[in-house]
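Residue numbers (the numbering used here): 3 to 210.
Beta carbons are placed, not taken as given, at the ideal position from N, Cα and C, and that holds for glycine.
Please read all numbers here as calculations on a predicted model, not as lab measurements.
Below is one structure, written out as C-alpha cells; the observations come after it.
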Amino acid sequence: RVTKLLINDLCKVYGAEDSTNLGPDMLNKSSIVKAQMAEWLFSAVYLHDHCSIPLMSKARSKLEDLQEQKCEDQKEIISLQKQVICKKYEKLQQESKTVKTELKSYCSALQQSCSSALSPKKIAAAVQKITKEDDRSIGSKEVIVFGVPEEQGETVSSKVAGILEQLQEKPQVADCRRLGQPSENAVRPIRFRVKSSDIVSEILRKAK
C-alpha cells in the first residue's frame, strides 16, 4: 500500500500516467524542491529496507525449506523403493527354493517310478508272446508288454527301447503302439514287432 501511494504521488507531481513513464528526463525537473525529493527518497529506502528485503528473505527461507523437504521426500521414496526391491527379491528366492524342492521331489519320484516300472521282475511278469502252436504267421513276431506306465505325449518306441535295454537286447522293432482306447482306469499294453520269432523267444527267455 505504501509503495502504491509513493508511485501515485510521483505520477501526480510529474504528470505521468503510470510508473512506466517515470524516466530520468521526467524526474530531472527544477521545479521539484529538495525537500520533496528527500521525502520520496526516504520513503523508497524505507520500503526497500523494511518491506522488500524482509519479504525476499522470507521467500528465500521458504524456498530453502521446500528444497530441504523435497530432498527428504526423495530420500524416503528411495528408501521405500529399496524395501520393495528387497521384498520382491526375498519372494523370488523363496519361490525359487520351493520350485527346486518340488522339482527334486518330482525327479526322485519319477526315477523311482521308472525304475520300478522297468525292473527285470516286472518285465518278466509283463512280457507275453502272441503265438499259437499251430500258427507261425506274423503273430509269432509280436510281443505285448503290460503294466508300463502311460503318459501324455509319450513316445511308445522310446519306452520299448528302454525295456529292451533292461534285457540287454537291441533288435530292430516296428509298429510300436498302445492297444485299445485311452482310459483313466487302466494302463493300455504296448505291442511291438520284431523280425523273427527267434528274437521273440530270446526276449522272453531273458525276461523270465
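With the rule of 3 Cβ pairs closer than 8 Å, the region 184 to 191 does not count as touching the region 162 to 174. Closest in alpha carbon position to T157, among R179, G149, I165, is R179.
In the structure shown, A176 falls within a strand segment according to DSSP collapsed to helix, strand and coil.
In this structure, the alpha-carbon of S98 lies about 18 Å from that of V86.
The continuous stretches of beta strand (DSSP E) do not include V196, and DSSP gives it neither H nor E.
Across the structure, K14 and Q71 are spaced so that their CA atoms are roughly 47 Å apart.
The beta-carbon distance between E144 and R195, rounded to whole angstroms, is 5 Å. This is short enough to meet the 8 Å contact definition.
Looking at the DSSP output, I165 sits in no beta bridge, so it has no partner there. When the five nearest sequence neighbours on each side are left out, the beta carbons in the same chain lying within less than 8 Å of the beta carbon of V162 are those of V147, V175, C178, I192, F194, in order along the chain. Excluding sequence positions up to five before and after S198, its CB lies within less than 7 Å of the CB of K143, all in the same chain and listed in chain order. A Cβ-Cβ contact shorter than 8 Å links T5 with L49.
For L8, the secondary structure class from DSSP, reduced to helix, strand or coil, is helix. When DSSP states are grouped into helix, strand and coil, E70 belongs to the helix group.
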